[in-house]
Structure formats: C-alpha cells, structure tokens
Amino acid sequence: MTLTLLAAAPKGPLDTWSPTLLALFALLLPLIALVIVLAFTIDSRRVSAWIAVIFTLAAAICALLVVAIEVAHPLHLERPATFLTFFTGQSGSAQEFTLQWGVLSDPLAAVVSFTVTLVSLLVQIYALAFMRREDGVVRFYSVLLFATFAMLGVTFSTNYFEMLLFFGLVTLSTYLMIGHWWQREEAVSAASRAFIISALGDVALLAAVAYIYFRYNELNFQALTGHYTGGRVSANGLFVMSILVFIAAAAKSAQFPLHVWLSGSAQAPAPAAALIHSAGSAVCGVYLIARAYGLFHASPRALALLAIAGGLTAVLGVLWALFQDNLKRAIAYTTMSELGLMVLALGIGAYGASIFELFTHAWPKALLFLAAGVIIRELRTERLAEMGGLWRRLRFTRWLVLIAVLAGAGIPPFSTFWSKDTILSKALALGSPLAIAVITAVTFLGAMALVRIFALVFTGETARRRRFEPDRIRDAGGRLAFTMAVLAIASLVSGIRGFRGRTDPIAFVTFPGVSLPNSHLVAADVIAAAAVLGAAVAFVVYARRVPSPAALQPVRHAMGEGLFVDRAYQLAAVGIVLPVSRAASWVETRVIDGALDLVGDSIEFVGQPRRWLGEFRIRPLLIGFFAGVVALGAIAIVLAGGIIGKSG
Amino acid sequence: MPLIGALPQPITSTPLVFFVYLVLILLLGSALASVLLRNTLYAVGAFAASMVLVALLYLAIAPFLLVAIQLLVFTTVSAALLIGLLRATTGLRTSSVGRLSPQWIIGAAVSAAVLALVGVVLGATSWPTGFCCGIIVGLGPVLTNIYPVGLAVLAVILASAALGSGLLLIAPTLPSPARGGGSRTVRR
Amino acid sequence: MTAGLNLVLMASAALFAIGAFALVARRSAIVMVLGTQFMFAACGIAFVAFGRFGLGAKNQNAGAAMALFAGAVAVTELAVGLAMAAIVYREHRNFALDADRG
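Okay, here's the thing in structure tokens:
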C-alpha cells in the first residue's frame, strides 16, 4: 500500500492547503467516529451521540474549507482535480489497468459534500433532543454516521468502481435508516422495498462498470472525459451505457418506475428521513448522472431519456403529493417531484442549475421533515386530516415551516426560486415548449402541494380526537428549534447568486461544452408567477377545507396510492420471483447443504477419536505409510536421476 | 554472530565447523534420548533440549530472526503444551506406558529405510547450484513481500497455539471418566 | 574440513528417521507426537540448509521462511495431537495406544 499525494495544482497562496487532503479528512471522520462509537462508547448514549456530532462537525468544517478553497482559486474552472491514491492494485505489467482509490475534489464534489455534511450535522443535533427517550439511540447514530460516510464516499469517488462500492453502502444505510423502528411491520417492509430497488440500481451500475471497462479499459472519471466523444463506441453502445447508469441513478433518486420506495421512506424517524431526502440516497442518483455527464452528453438519446424520465417523475410526484393523507408521505412525494426536476434539468443541459437546485432544495426539504417530526410528535398523528390549527400553538415553528414551504415552492426571493428560474431559462434558450410547459406546471403544482401541507397543518381548527388534548401541545425548543432555525436561514439565503461578484453558483459547477444559461427576466417572471399562483390557489382551497366532490373519490384513491404502481410491483414479485426463489431454495437445501453436511459429519467423525481409535490399527497404518513414502521416493530418485543424467 | 555469506559456499572456518558438528551430534543424541526414555517428563525435557539445539544450528546457517522464533516461540509453545497436558493428566508422574514391544524392531527398520533413502539421494545426485547470485534479501522483507499470506496464517496459528498452551497450563485437571463420563458442557 | 549441504542434510535425515521411529515404535501418544515434532524440525533444517547452501543467495531467506511456516504447522499439529492424547487419557487413564487396540 502506497500513500502518495499527487498535487497537480499550480502553487499559489491558497494552494498550500490541498483540498483533497481536507476531502479525505471529511470522508474519514464519520468513519472514525463510527468505529469509536461501536468499539468504545456503545454503552453510553450521550457520549456516543456527542462523539457523532463533534466528528460530523469537524467533517462539515473540512467540507466548508474545501468549498472555500475551490471558490477562492482563481482558475478553479480549469484546474484538474487532485488525487489522493492510497491503494493501487495492479494486474500484471505496468501497462495494465490500475485501479486507483482516491478522493476527487472539484467544485461539484465540494458543493454536494458540504450539503451532505451540514445536513447530517444538523440532523444529528436535532436527534439529540428528538430521540432522547427512545431505545436504540446509539444504533441510530451509528447508522447516521455510516450513511454520512457512504454519501461522502459517493461524492468523492474518483472512478466508477469506487462509486459502485459506495452506492452499495448507501443502499445499506438507507435500509438501516428506514428500518430503524423495526418493531413496526410497515417500517420493515418499506426498508426491504427500498433495499431491493436500490440494490437493483447497484446491479445496473455494476453492469455499466463492466461495459464501460470492457469498451474503454478505463474507469476513472477524469481520464474518461474525452473518451466518450472519441467514437470508439457506437451511438447505440453509448446509449446502452447511459441507460445502465440511468437505471442506477433512477433507483437511488426515485425516478419514475423505480420510485416506489420513496413513500416508504416516511417510515424512517424524522431526522433520518430528512437526511435521506435532502442529502442521502436521493442525492446520489443525481450526483451519479452529473459525474457521468460526459457519457450522457455524448449521446443525444440519453439526454432525451433523462429529460423525459425526469419530467414524468416531476409531474407524477407532485400530482400524487396533492392526494396524500400522510404528512411525511406528502413531503416525500414533493421530493420525488424535485428530483425529477433535477434530472430534467440535467437532460436539457442545465448542468450547473441542476446541482444548484440540489443545493437549494436540500435545506427546505430537511427543514420540512424535521418540523414534521415535531408536528407528528405533538399531535400524535400522521394523518393530515386530523391536523390543523397549529398556527396559534406552535408559535416559533410556524414561521420556520412557512419559510420552508415558501422556499420549496420557489417563491422569490427564497432558495429554490433562483435555481428553478435558471432551469427555465435554459429551457427557454432551447426553445422546447414541452420542457417549458413541464417546468412551469411542476412549479405551479409543487407550490400547491407544499402550501396544501402548510394549510392543512396550521390553519383551521385542531380536529378533536379521542384522548387527545390540544392544549398540551408544546412548541419545539432548544436544540430542535436551533437546528430548524439554521435550516430556515439556509433556505433563505442559499439562493444568493454572485457573492461579491466572484462566484456565481450556477457558474461554479460547470461542464465543458455545456453553455451557461443567461437568466431571462421572462423566466424569472414565469416561475415567480407560477409559484405564487399555486400557493394562492392551494391556500384558498385547503385553508377553507373546501370538500372535494364525491365523484372524484376514485381518482383521489388512485392518486393516493400512487396509481397502484407499487401494487403492480408486488404482484409481479409474487408471480415471478417467488417460484424462482423456491426452486433456488430447493437446490440449496438438497444439494449444497447436503454436501456441506457431508463434510461436517466427516469432520465430526474424525474429531471423536474415541470411536475410531478403537477400530483402527495405527501402527500397521504408519508402517504402510512410510513404506509408501520410501517407495515413492525411490521412484522419484530413479526418474530424476535419469533426467539429470540425460541433461548432464 | 556468524556472518551469513552471500554465496552458497559451505562453511569453512574451522571453529564454526566444529560448532556445527557439535550441535548436530548433541541434537541427534537428545532426539534419541527423547524417543527412548521411559519417563515421559524426561522425554519432554529432552525434546525441549533438542529444539534449543535446532535453534543453535539455525544460529550458524539461518537468519537470526528464525533463531529467535525457534527459541522463543516454537520451543516454548511446544514445551508449554506438553507440560500442560502432562500436568493435567498424569500429574507429572512417571508414565505408565508398558514394556518394550516387538514393534520396536519394525520401527527401527522403517527409520533405517528413511535414512538410507536420503543417503542414496545425497550420494547419487549433485544438486544444481547457483542460479543467479542476486541481492540479499532479509527475512523480514521476504516474508512480507513474497509470502504475506503465509505470514498472516503463521501469525494466526502461532497466536492460537500460544493461547491454547496458556489455557492448558492454567486449566484444572481433566475430569476422570469414573465420575460418570460425558463432557462437562453437555446438559441433560 | 567443511560443513556443507551434505552434512546438514544427513543430520536432517537422521532426525527425521528418529522421529519416524518414535511415531511407529512407541506406544505412548505423547511420544508419538514428539516424533512428529522431530520430523517437522528435520524438515525445517532441510529447508534452511537448502536455503543457505543450495540454490543461490537469492533464495537464502526463502528457505528460512519455509522453515518458519513448517514450524507453525508443527505447533498446530502438536496442539491437535495433544488434544487427542487428552481424550485417550480421559478414557483409559494412560497414554498407551496398543497395536491391538489402536
């Protein structure tokens, strides 16, 4: 194992700090904290939690420094990313392929890693108070640390294979988070569903890795950047590669046919759900597409696929969000819609805008989930139909949720407005009416969905329920309020573009060959109008609890169930997978286990010398053994002597 | 500490040759004693002495690391295991193995055959020597670079053996079969 | 007078023969195990001898490495053999393995 630091950056005053070293620290700190918690402090809840928080804070600081270095470097657009190679596995000669495990630090990784670490930190501080009276707190923090490590690993991956490995870790961490309250049956089934779909994505990524390696003999992102357009692989081949990568990304980011796990993620505890949606698995898929964007950019059909799938996801997600009765599930579907919007943006070429959308969307979404945790705990229900009237009671949280909803809806000057505006600008620049219509509709409906949530929870009267005293509702305080306030501030300011004229967030993360969209005033107006209009409509409809006509009830039911896509998957699983697994289990029980039992029984027989020592006659056996050795040796000598004699 | 030559030359310095001869004679003598003695405890003692003599032989012709391991690890672990077993079972009394059996003759014949075999090999062949006389590599790098898996397995095995011998030494006497037999861990 | 490969190999063979004799001729389980130990030691000496005198300086310490591994295997086998001896003792209160009984 060799530890080499290869710094390819020009020397300047801010280059003495290597961003990759900081990135490596940021990556390893959660892992070290996890090891410490599991090895030493597993018996103490408080110490484990604080260790997790402190180490994540350190990781967040490292990520922030990485961002600062990336921002401050004057040539950050052209500088090649620095590597930290800490393992080299070679097969054969020096010209053979070397698999380098490294840490890649460039603007894309910097932005996303900062998002991940900061959200993880805030979620952990929130959980200090939220999970205080629960069992399994140490397990929760361990899983959060593991998830942070896995996400940072994805973010800092240098090649497809490393990303595959960390994708698998993200799958596992998602499963652990969703299934944290494993005593609940729905949580276990939701976790299993998430695991299966995510693992399906990992398999697709494995196939993509194999195919890419087979055709290009190279897996490193940076080394591959020029190869896609080189013409070594046909257009069909590129499309197949991009389909495989897209399947992996779709599984992680809940794009249309692979979205069914996202509603189940509402089973996770609120802080874990916040992490998954804003900086966890949901972000991984979009990040993969952004990293592999050279591949997609080289194949116009792939870009079209992205746009279509993303648009479909965005529209469906927001439609289904409007008909959910469960608070967390409603928020989850709005996440699905936003992820679809990000993928759509990547499809139409708004690369920087998509990543910016990822950045700006994380804060209000995390804030919504954390607030949902408070709301659900205070109201002791998850159903929106039973909520209401919290405006008077949660005097601090109400402002935070209002900010989150406005920010998520895209109302200026809050965060997602700026990113959605840029996406629409790119669509306008392309002149594609479908994209323009979809983006506008998604903004409108998205604003509706979010304000619907706000209206149903905060306005009106608290529904009377048996054994529930609305006067005992207390607002969130202390750490809960602190973390949510931080997220609210982030939702407010994260849209700011042009900090002292040096960095435009859209221009910060770029892809060569993809033009930056200018921000049309038209686009800004359209987005603002759509968002405000949607918010107003939703407020009017839902604040007054306008009852929906009974004729629409089947439609509502269908939408609420996500158009039964999930049900279709379950039927397919039972019909197809079950017989196959029965056959496989027969083979395993009879054939494989039988063979192993045979080996085990024979070992057990040998291990009881009482039995066979009384039956064997050792001495003749030994004599025969040595006689055989002598005979074999004699033969060998004669043969060897003959050979040596011949060769002289 | 005798120098280890770089070329496959026999040892020619007379004191060292005498040392090697002496060690070999003592080694064979103590090995014979070990297998011929009736008292098991003495046999174990002679065995330990032979292992120490093997280590002394290694002093002349092998890297010092091997000497150290032979002495510190193999010898002590083996002796500890043996003495532990003896302590647990017979209580270090005289062994109760019976008188000579006719099989001794057959055993002697087998041993003579093996010896003769190697004698024939030595007499009839001259092994090819000297490929290329390259760099001298120390034992440590050889172990870690060329045989890392073997080194790992070795470490695990030695650790287990050390652990086992320690456990055996501190374990109480084995239960006698007259107490009803059966292992202590079986519950009815 | 020189001490070369032949001398050490002869000694190794003799030691191996002594070990084989103990394994075949003695009744006591412990002494039989000692015999196997001598055989392993003889192998180790042979390895080292070839490393030192035989095939060239580059393999000198490879011979020692092999002896190291052989010694480890020897210790393992010692443990297993002694465990069996303990079982035999538990049954019969001595270590004897007769030809009739095995």
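Chains as they are written, first to last, in the numbering used here: chain A, 550 to 1197; chain B, 1004 to 1191; chain C, 1232 to 1333.
Quick reminder that beta carbons are idealized off the backbone N, C-alpha and C, glycines included.
Secondary structure of residue i, DSSP reduced to three states
| i | result |
| --- | --- |
| S1037 (chain B) | helix |
| I838 (chain A) | helix |
| G641 (chain A) | Confidence in G641 (chain A) is poor, its pLDDT being 43 and thus under 50, which makes the residue's placement too unreliable to answer from. |
| A1327 (chain C) | strand |
| I792 (chain A) | helix |
| I1014 (chain B) | strand |
| N875 (chain A) | strand |
| S1043 (chain A) | coil |
| A1234 (chain C) | strand |
| N1292 (chain C) | helix |
| N1042 (chain B) | coil |
| R1116 (chain A) | helix |
| N785 (chain A) | helix |
| S654 (chain A) | strand |
| R1093 (chain A) | coil |
| R1321 (chain C) | helix |
Neighbour flag for residue i against chain B, beta carbons, 8 Å
| i | result |
| --- | --- |
| T1233 (chain C) | yes |
Closer than 8 Å to chain A by CB, residue i
| i | result |
| --- | --- |
| A1251 (chain C) | yes |
| V1306 (chain C) | no |
| L1254 (chain C) | yes |
| G1333 (chain C) | Note that G1333 (chain C) scores 44 on pLDDT, short of 50, meaning its location in the model is unreliable and no value can be drawn from it. |
| L1328 (chain C) | yes |
| F1247 (chain C) | no |
Min CB distance residue i to chain C below 8 Å
| i | result |
| --- | --- |
| I1086 (chain B) | no |
| L1181 (chain A) | no |
| T1079 (chain B) | no |
| A1046 (chain B) | yes |
| P1018 (chain B) | no |
| L1074 (chain B) | no |
| L1193 (chain B) | In the structure as shown, chain B starts at 1004 and stops at 1191, and residue 1193 (chain B) therefore has no counterpart that could be examined. |
| R1168 (chain A) | yes |
| I1221 (chain A) | Because chain A is modelled from 550 through 1197, residue 1221 (chain A) falls outside the range shown and cannot be assessed. |
| F1154 (chain A) | no |
| A1071 (chain B) | no |
| A1034 (chain B) | yes |
| L1031 (chain B) | yes |
| F770 (chain A) | no |
| F1175 (chain A) | yes |
Through-space distance from residue j to residue i, alpha-carbon basis
| i | j | result |
| --- | --- | --- |
| R1028 (chain A) | V923 (chain A) | 12 Å |
| F698 (chain A) | M726 (chain A) | 14 Å |
| Y724 (chain A) | F763 (chain A) | 32 Å |
| A1273 (chain C) | R1090 (chain B) | 28 Å |
| Y675 (chain A) | E767 (chain A) | 43 Å |
| A1084 (chain A) | R1001 (chain A) | 8 Å |
| R1093 (chain A) | T883 (chain A) | 22 Å |
| T1021 (chain B) | A1317 (chain C) | The residue asked about is misnamed: residue 1021 (chain B) is Phe in this sequence, not Thr. So the alpha carbons of these two residues sit roughly 42 Å apart. |
| V596 (chain A) | P962 (chain A) | 41 Å |
| A736 (chain A) | S903 (chain A) | 31 Å |
| I1172 (chain A) | V1255 (chain C) | 7 Å |
| V892 (chain A) | L973 (chain A) | 13 Å |
| H776 (chain A) | Y709 (chain A) | 15 Å |
| V1159 (chain B) | S1037 (chain B) | 29 Å |
Residue i: CB within 7 Å of a non-hydrogen atom of the ligand ZN
| i | result |
| --- | --- |
| A1121 (chain A) | As for the ligand ZN, it is missing from this structure, which has no ligand bound. |
> Taking any Cβ of chain C, which residues in the stretch 1052-1068 of chain B have a Cβ under 9 Å from it, in chain order?
Replying inline: For the stretch 1052-1068 of chain B, which is checked against every Cβ of chain C, the residues closer than 9 Å are S1053, M1054, V1057, L1060, Y1061, A1063, I1064, A1065, P1066 and L1068.
>> Any contact between the stretch 1302-1312 of chain C and the stretch 1070-1083 of chain B? By contact I mean 3 or more CB pairs, one from each, below 8 Å.
In response: Taking one beta carbon from each stretch, the stretch 1302-1312 of chain C and the stretch 1070-1083 of chain B have 3 or more pairs nearer than 8 Å; the two touch.
>> I'd like to know if the stretch 988-999 of chain A and the stretch 857-870 of chain A are in contact, where contact means that at least 3 CB-CB pairs between them fall below 8 Å.
In response: Yes: the two stretches touch, three or more of their Cβ pairs being nearer than 8 Å.
>> Check whether the stretch 835-853 of chain A and the stretch 784-798 of chain A are in contact - that is, three or more C-beta pairs closer than 8 Å.
In response: Touching, per the Cβ criterion.
> Is the stretch 1232-1248 of chain C touching the stretch 1137-1146 of chain A, taking contact as three or more C-beta pairs under 8 Å?
Replying inline: The stretch 1232-1248 of chain C, when compared against the stretch 1137-1146 of chain A, does not touch it at the 8 Å Cβ threshold.
> Below 8 Å, can you find three or more Cβ-Cβ pairs linking the stretch 811-823 of chain A to the stretch 753-761 of chain A?
Replying inline: As far as the Cβ criterion goes, the stretch 811-823 of chain A does not touch the stretch 753-761 of chain A, which means the pair count is below three.
>> For the pair the stretch 1241-1248 of chain C and the stretch 1021-1034 of chain B, tell me if three or more CB-CB distances fall below 8 Å.
In response: Counting Cβ pairs under 8 Å, three or more are found: they touch.
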